[in-house]
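There are 2 protein chains.
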Amino acid sequence: MAVDQLSRAFVALADPTRRDIVARLAVRDATVGELAESYAMSMQAVSKHLKVLEEAGLVSRSRDAQRRPCHLEPQALDQMTTWIEQYRHQAEGRFRRLDAVLAAMGDGPDAATETPEAPATTSEQHTTPRDNPPEPSRGAPS
Amino acid sequence: MAVDQLSRAFVALADPTRRDIVARLAVRDATVGELAESYAMSMQAVSKHLKVLEEAGLVSRSRDAQRRPCHLEPQALDQMTTWIEQYRHQAEGRFRRLDAVLAAMGDGPDAATETPEAPATTSEQHTTPRDNPPEPSRGAPS
DNA sequence: AGCTTCCTCAACCACATGGTTGCGCAAGGA
DNA sequence: TCCTTGCGCAACCATGTGGTTGAGGAAGCT
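Taken in order, these protein sequences are the chains called A and X.
Residue numbers for the first sequence follow our numbering, beginning at 1 and rising by one.
Residue numbers for the second sequence follow our numbering, beginning at 1001 and rising by one.
1) Quick test of the definition: if touching needs 3 or more C-beta pairs under 8 Å, does the region 38-52 of chain A touch the region 85-105 of chain A?
2) What residue does the alpha helix (DSSP H) around SER47(A) start on, and which one ends it?
3) Who are the near neighbours of GLU1073(X) in its chain, counting only those whose CB is closer than 7 Å to its CB and skipping five residues on each side?
4) Rounded to the nearest angstrom, what separates LEU6(A) and LEU77(A) at their Cα positions?
5) By the 10 Å Cβ neighbour count, where 16 or more other Cβ atoms means buried, how is ALA1030(X) classified, buried or exposed?
6) How would you label MET1080(X), buried or exposed, when you count the other beta carbons within 10 angstroms and need 16 or more for buried?
7) Suppose you measure from the CA of HIS1071(X) to the CA of LEU1025(X); what does that come to, to the nearest Å?
8) CB of ALA1009(X) to nearest heavy atom of the ligand GDP: below 7 Å?
9) Return yes when the Cβ of LEU50(A) is within less than 8 Å of the Cβ of VAL22(A), no when it is not.
10) Whose CA, out of ALA1002(X), ASP1020(X), VAL1003(X) and ASP1004(X), lies closest to the CA of ILE84(A)?
11) Nearest by alpha-carbon distance to HIS1075(X): which of VAL11(A), ARG8(A) and GLU92(A) is it?
12) Please classify LEU58(A): does DSSP put it in a helix, a strand, or coil?
13) Quick check on this structure: which residue in ARG18(A), PRO16(A) and ALA9(A) has the alpha carbon closest to the alpha carbon of PRO1016(X)?
14) Check the C-beta distance from VAL1052(X) over to ALA1002(X) and give it rounded, since I have them as a contact under 8 Å.
15) Going along the chain, which residues of its own chain have a beta-carbon closer than 7 Å to the beta-carbon of ARG68(A), five neighbours each way excluded?
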């Protein structure tokens, strides 16, 4: 417990069986039994996987008599892409800027190859808020 | 071993410390020691985390004397978003079509609320290839 | 009421994971 | 040459995870 939704979502999709379940639920809703028919494991195991997906907010379950139909929740997937794309864009932008610096430096001096991305053309520094600083000691601890 | 790159990538980002490392490497490359200063754990532990990220293709490490600078690899992140977005789009498209059917059925008959997404307007069925069918038994086993 | 179907919960087990410590190696500086 | 820095490897340990089986509950059928 005490784990944020994003961690749960990544943990959930880290398992191939659960990714396959997500892929199937993208096509159509399904019950536990329907899903379990496809895998070489017991229905209890599939139920556990669905519980993980549900606690990650990736699927929801309603009631239909004794059935428990499973429904994919796309906005949880959206959260994940938002996180990933944030840093991918940040990194790619930085690399593009770095390439530009290196190219413009083609006939320049030799004092290069030393962390030229810190003082890049447009300041970026450490503006983006990282989600989980899982440690108390920030900065040099010694 | 014998685990595909996508699973490795999701496993890697499932850990908050490793997500934080990715966030930092998006800003600038860093050495193991620099990263380790920020966390309440030993450098060996951070090195292990980096190994996980490296085997997932998310970071690469070069040599600079005895330093091992770590570099974020955005295309691995791109793979992940590609996977996620595929099913998010699929599901959202299906839900939009379902909503349309329900809306158009507002004055229609009462025989509804029963899996209306299977015979939707545009046939989609099970076209998208799921990545890991981790089971041998496909189709009704009985 | 009693049976069947669909599913969850609880206990258990093997193995993976995240952390530790200790050791050792490669490369630069004294 | 020796020492320090920076880092990886191996062994170890506690906990988490993915599977099993067994029991049992909720809802429809006869």
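The C-beta atom is built at its ideal place from N, Cα and C for all residues, glycine as well.
Concretely, from the data shown:
1) Flag = no, the region 38-52 of chain A and the region 85-105 of chain A do not touch.
2) 43-55
3) GLY1057, LEU1058, VAL1059 and SER1060
4) Going from the Cα of LEU6(A) to the Cα of LEU77(A) covers about 10 Å.
5) The C-beta of ALA1030(X) has 16 or more other C-beta atoms within 10 Å across all chains shown, which makes the residue buried.
6) buried
7) 6 Å
8) What this structure holds is no ligand at all, so the ligand GDP is not there to describe.
9) no
10) ASP1020(X)
11) At residue 1075(X) the sequence reads Gln, which differs from the His that was named. Minimum Cα distance to GLN1075(X) is reached at GLU92(A).
12) Residue state, collapsed to three classes: coil.
13) ALA9(A)
14) Not quite, the Cβ-Cβ distance comes to about 16 Å (not below 8 Å), so this is no contact.
15) THR31, VAL32 and ARG61
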